[in-house]
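These notes are about the structure you will find just below.
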Amino acid sequence: MNNVVRVFSLSALALAVSACGGGGSDSSSGGGTQTPSKTPVQIISDAQSHSKAQLTTAAKTQANTLYSGESGKAEIDIALAQHVYSVLFDDNILTVPDIGEHDIENELGSDGSINSTLQCDESGTVKYTGKFDDNGTGKLSMDFSDCQSYYNSFALSGVAAVSIDVVTDSKMEYTLYFSNLNWEDDVPVSMSGLITFSDSFSMQTGVTTSVSEQYVSATIGDESYLIDASMTTKDDWESPELRIEGRVSVGSEGYVDVSLDTDELDMPYFYGSTVVYNDGEAQLKFLQGMVMYTQDLDNDGEADAGKYFESVYGFVTTPVSDTDLYNLAEISLTPYVESPYLQNSEGLSVAQEIVVLPGNYYDLDTPDEDLTVSYNWYLNGRLLEGVHGNTLPAYSVTVDQWIEVSMVVSDSINTVESYPISIFVEDTPAVVTVSNVPENVRAGDTITFSLSLTDADVPGNENLAALASAPEGATLASNGTVTWVVPDNQLFSQMVYTFGVSNSQNPNNTIEEYFDVTVSADEAQPLFRSGMEVPHRNNSQWVADFDGDGSNELLGTDNGSRVFLLTLVDGKYQQKWAYPYALSDEQNIQQVLPADMDQDGTPEILVITEKTFWLIDDLTKDARVLLETDDYFSEALLADTDNDGVNELIYSVKNANYDASETTIFVSELGSELVTTLSFSTNNFQTIAAGNVDADSSMELIMNTGLVYDLTTGANEWFFGSGFGSSFVTVGDLNGNGIDEIIGAGAWDALYVYSAVDKSQLASLSLDDTCDMHAYNLYDDATDEIVVSDCQWGNVTAYSLNGSNQLDTVWQVGLQDHGSSSLTMGDIDNDGSAEILWGSGTSSSGADRLITADYTAGGATVKENTTGVQLDHFYAAGWSEITSGDERAVFFVPSTESGYDGSVIVTLTGDGTITVGEELSTNWDHSTQAVTTDFNNDGAGDIFLPLTSLYDGAFGAVQLSDMSVQYSVDGDYDSTIGKIMAIDVNGDGYEDAVYQDGSAIKVVDIQNQLLVASYTSPQGVSDFDVVFIDDVLNLVVTSGYQKVQLLTLGSNAFITGSSYDIECPQVLFTGGENSRQFVCSGGNDEEMNMLAFSDSGVELVAEYNFPFEITGMIVDPVTTSNILVVTGDDSSWYSSHSVLRSIATNGNIVWSGPKLNGRAGKGALRARRSESGDLEVMLGTSAGMYLIH
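Residue numbering for the sequence shown follows our numbering, starting at 70 and increasing by one per position.
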């Protein structure tokens, strides 16, 4: 009877058309006389011309005609009872389809009639004919022709009609008619007949009473059915009613009478009710969550056999073979049992016994003490024999086994097993112990140390250690002794070699733990050069002779991670030295200072980061930590505080980076270590200065906040409550009396001069927007001058104090760019006269400039064109012999001048000389990759690179000696040049270009100016790689981070091969020529996936995860089974540093280098095997260029 409920989609259609109303009345609608020539199909197809009695007769005739089979009473058994119940209440047997396809309101004519054929949602048509009066009553016929709606998964054909007879606020009566309505839903289905509905609503009680009668036949596959039944429902919440009574005929069996009288409206779960078959020959009783089927086998009017089922679903779905009936005196209710549970599921391991607690269980007709409770344990889905208690003994399983446990409850007749619960056993972490590793390990040493692994998951105390991954030359003896012949040749002066320890009993050699051994060597530092950078903070550049060659250099920093020395030769700055390593994890450089730590006359370099003092006391050696703090270092300066001719270091430590509440001043003597001679607490400040500002012999420390301290005792000698200046303070002997004056200024305030002797203000001068200020003895006389650099588009101005304590302008020169930083003075061009230097452009988005000015008593003049363009980011293109005997490393710089100008080529020689070419293209699409070649074999190096003009991508071949374009391929707005490779594709002895152009891969014979082949990926291209296999060029293309596609090059076109769905931002063939494997860096760049391919397709071989981001990768040209990768720093999700590492193709990390400056992009790494067989590496980062060998 649930099928009655399922036709409410049809009743919704009836409601819709009744709400439309009509344009008039027609006394003939619903009347008419059936002519003998009309068939039942014709009558239902023209419902408006026939009476309800005629429609009913026609529908019943059609139903009787459709039904075929037995017409007598069926002999009831449990299988037939299941079947009849399913016909009435199971959607899987018979579902009346949705025929409410269209909203026909707009199709009705002014007289309420309709005669329209409309397209169905998915396919087919339905023709509507009929008429409705002003009250919304009338008749509508629907002729379906392969009509599929959104709501049906099948196409519907045949005829249906609706007769709406009563439509009021409290009552609605209508009838649905079917004539050979047919469809196919797994099996063919055909339906004929009628269903009447009468719904009435009581305004007084709020109760709806629904009465429906159906006479419906259906053929479903090979079986025929006829349902002649009625259903009455009353939704009174106090006394609901549901009555079903009727007959279900099954063609292969006969008819079965069915009745149900219940107050449970939740069909088909009639709790507390009974479905009666054939006047009591069989019954289905609904109990608490269970059902009981009974049957009168001996026809004495009393049930004598039966069976319990755990639910109505179990009754319907239990196979007939499992439905044996039992004597009612011998059966009992089936026990109810819930799953067992774990009291604590955290941290379960193989070495522990696993105990579960019983779930809820009961039996309505058996006491708990008469029930038997046991447990079934399953390993990987198979029953574990002999273990039926609630405890699984320790070591019964291994970590990789899937554990389930269920609870089994039995009475004397029934046994019920609960749903199982899954238990996850964690692998108890193995304990790896590494001991007796030498404190200092050097390249070429042979070392021994002890290694052990114990595992609580494995009984016993045996040393289970095995070396699953180790550097070359390392062996593990059975007693746990590791012997390692350390390589005598390594890339860096300090490298970390990685050992992977596995459990010897694990056949998969799964690494339990890694440990590292750091190896030192007398290797030269990598050659590192950057573009021209300037400080962004003050007190960060100094002129001195730092390398002892008799000529001055400029010590500078970008206040990020770079420290460097510049020389000014022939009017051009050249980077003479740059420190190659990143000093601190995510700590910016606060200052650099020239500190003569050993008093040999040549200053060492002191680098101050937020929490660390670093000392570079040898330009060829690594920096070392001089001092660390958990707080924050602030201002630092050098001064001879004890008048012994040797500077001391004065620095401050604050408890917060901003708005510190505690500040301490330290004074320390310089040496191999810092020795503190004085410390005292003070208030927060912006800047400090040191000088002798009073009449005693001691030096003082002056703060911009107005505090003056004696640097011998730490005593406060003066507190000027208004402060000397809100931002700046410096000291200088402005009047030549041998005592320094105090000069203070604000960022947007005046310049003031004070005497600490008189504790008074001597002079003031109105200034605007000051960025830096110092007092210098510009003219090597008795008096100092004040030099002030402005912000924004200002000036650098020198002032002197005259005899009337007035400040006079000595000279003034423009900043040359926006803002200024780090004023300094010194003889940078080594001509015997000092210059004034400052950084400019740092307060704008444009390029930064290092400005140098000569000065005299009569004025100052800026040296023109000393720095060249600022270089933004570097990508290694490879080595090239520019001309015969002139080999250089070549780097592609995609943009210059902080992104405002285009791409250039930069070459770097082995001695560190940088040559910057002229702008090649605007490169607005930010193409980054290029590759060196000698495509025409003329002995002069060339480069394949992007030549993008504005947004129109283009490719070109340029000769490096004169930057002349030898060949180019113009593009358009959709062209973006990606990866470029130089390889002899056609075997003619000349290197061809294989490059990405937007979503296409192109192969161009540059020498002969021919397009060899082109392939366009529908999903786009993120990367590609090529390799020759059996003299055939193979490509692997990563498409839009979604999949990899294999291609081979035919005579003049690419042939598409296998593909594999995987995220693959970067791809690389491994193992050299004829290799059939490649790696993908994973979707989050912390994965590496190894894939292999054959004629049968591509397969994923292995997946590796790392604690760092892979930004670039190439095959190691010396050890081709390894991959050189450049990665981010382990400690940051987006690192501004880079680490070069070697990873074996089995996913094991071989070695890692130190942290390098800057972040490397894809395609920024190149490597080659030197003539001596050593590894040589080129790397470009956001910070500069590296040559590593």
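Cβ atoms here follow ideal geometry from the backbone N, Cα and C, with glycine treated the same way.
Exercise. Within its chain, find whatever has a CB closer than 8 Å to the CB of Pro409; leave out the 5 residues flanking it on each side and keep chain order.
Key: Val425, Leu426, Pro427, Gly428, Tyr444, Asn459, Val474, Ser475, Met476, Ser487, Ile490.
Quiz prompt | From Ala647, Gly617, Leu353, Asp616, residue whose alpha carbon lies closest to that of Thr626 | solution = Ala647
Quiz prompt | Rounded separation between Gly207 and Lys376 - CA only | solution = Cα to Cα, Gly207 sits roughly 51 Å from Lys376.
Practice problem: Could you work out which residue in Ser949, Asp923, Lys107 is closest to Gly640 when comparing CA atoms only? | Solution: Asp923
Quiz item: Can you tell me the Cα-Cα spacing of Cys840 and Gln610, whole angstroms?
Solution: One Cα belongs to Cys840, the other to Gln610, and the distance between them is close to 15 Å.
Self-check item: Where His1206 sits in the DSSP three-state scheme
Solution: strand
Self-check item: Bridge partner(s) assigned by DSSP for Ile516
Solution: Trp553
Quiz item: Using 8 Å as the Cβ pair cut-off and three pairs as the minimum, do the region 1073-1093 and the region 1116-1126 touch?
Solution: yes
Exercise. For Val962, collect the residues of the same chain with a Cβ closer than 7 Å to its Cβ; drop the 5 residues on either side in sequence, then sort them by chain order.
Key: Leu940, Asp941, His942, Phe943, Ser972, Val973, Val975
Exercise. Please state if the CB of Trp553 and the CB of Ile580 are separated by a distance shorter than 8 Å.
Key: No.
Quiz prompt | Reduced DSSP category for Ser562 - H, G, I as helix; E, B as strand; rest coil | solution = coil
Exercise. Let me know the secondary structure DSSP gives Asn532 once reduced to three states.
Key: Asn532: coil per DSSP, three-state reduction.
Quiz item: Considering only the beta carbon of each residue, do Glu904 and Asp917 sit closer than 8 Å?
Solution: no
Quiz item: Can you tell me the Cα-Cα spacing of Met768 and Asn621, whole angstroms?
Solution: Approximately 28 Å, taken between the alpha carbons.
Quiz prompt | Burial state of Leu1019 (16 or more Cβ within 10 Å) | solution = exposed
Quiz item: What residues match up with Thr441 in a beta bridge as DSSP calls it?
Solution: Ser479
Exercise. For the region 431-439 and the region 385-396, state whether three or more C-beta atom pairs, one from each stretch, are separated by less than 8 Å.
Key: Contact fails: fewer than three Cβ-Cβ distances are below 8 Å.
Quiz prompt | Identity of the residues DSSP links to Asp326 by a beta bridge | solution = According to DSSP, which records beta bridges pairwise, Asp326 is partnered with Arg316.
Practice problem: Report the option in Leu718, Glu582, Gly740, Ile757 whose CA atom is closest to the CA atom of Asp747. | Solution: It should be noted that the sequence gives Leu, not Asp, for residue 747. Cα-wise, what sits closest to Leu747 is Leu718.
Quiz item: Opposite His843 in the DSSP bridges: which residues?
Solution: Val856
Practice problem: Could you check the C-alpha separation between Met1254 and Gly1227 for me, to the nearest Å? | Solution: 10 Å
Quiz item: What does a CB cutoff of less than 7 Å around Ala945 pick up in its chain, not counting 5 residues either side in sequence?
Solution: Phe960, Ala1233, Leu1234, Arg1235, Met1247, Leu1248, Gly1249
Quiz item: Between the C-alpha atoms of Thr130 and Ser218, what's the straight-line distance to the nearest angstrom?
Solution: 29 Å
Practice problem: Could you tell me whether the region 558-571 touches the region 597-610, where touching means 3 or more Cβ pairs closer than 8 Å? | Solution: Counting Cβ pairs under 8 Å, fewer than three are found: no touch.
Quiz item: Fully enclosed by the region 1071-1100, which beta strand (DSSP E) runs are 3 residues long or longer?
Solution: 1079-1085, 1092-1098
Practice problem: Identify whether Gly12 lies in helix, strand or coil by the three-state DSSP scheme. | Solution: This structure does not reach residue 12, given that the chain is present from 70 up to 1258, and the question cannot be answered.
Practice problem: Examine the Cβ distances between the region 299-310 and the region 147-160 and report whether three or more of them are shorter than 8 Å. | Solution: no
Exercise. Take His171 and list the residues in its own chain whose beta-carbon comes closer than 6 Å to its own, dropping the five residues that flank it on each side.
Key: Leu187
Quiz item: Lys828: buried (16+ other C-beta within 10 angstroms of its C-beta) or exposed?
Solution: Here Lys828 is exposed. Its C-beta has fewer than 16 other C-beta atoms within 10 Å.
Practice problem: Would you mind working out which of Ile757, Gln352, Pro498, Ala725 sits nearest Ile734, comparing C-alpha positions? | Solution: Ile757
Quiz item: Among all the DSSP beta bridges, which residues are the ones paired with Arg451?
Solution: Leu448
Quiz item: Where in the region 359-416 do unbroken runs of the beta strand (DSSP E), each at least 3 residues long, occur, reported from the N-terminal end onward?
Solution: Note on the region 359-416: whole beta strand (DSSP E) runs with a minimum of 3 residues are 360-364, 374-378, in chain order.
Self-check item: Assigned exposure category for Ala725 - 16 Cβ within 10 Å defines buried
Solution: By the neighbour-count rule (16 or more Cβ atoms within 10 Å), Ala725 is not buried but exposed.
Quiz item: So, do the region 848-868 and the region 924-934 have three or more beta carbon pairs nearer to each other than 8 Å?
Solution: yes
Quiz prompt | Ser94 - DSSP class collapsed to helix/strand/coil | solution = Unreliable placement is indicated for Ser94, whose pLDDT of 39 sits below 50; no coordinate value is reported for it.
Self-check item: Span separating the alpha-carbon of Ile113 from that of Leu209
Solution: Take the alpha-carbon of Ile113 and the one of Leu209: they are about 9 Å apart.
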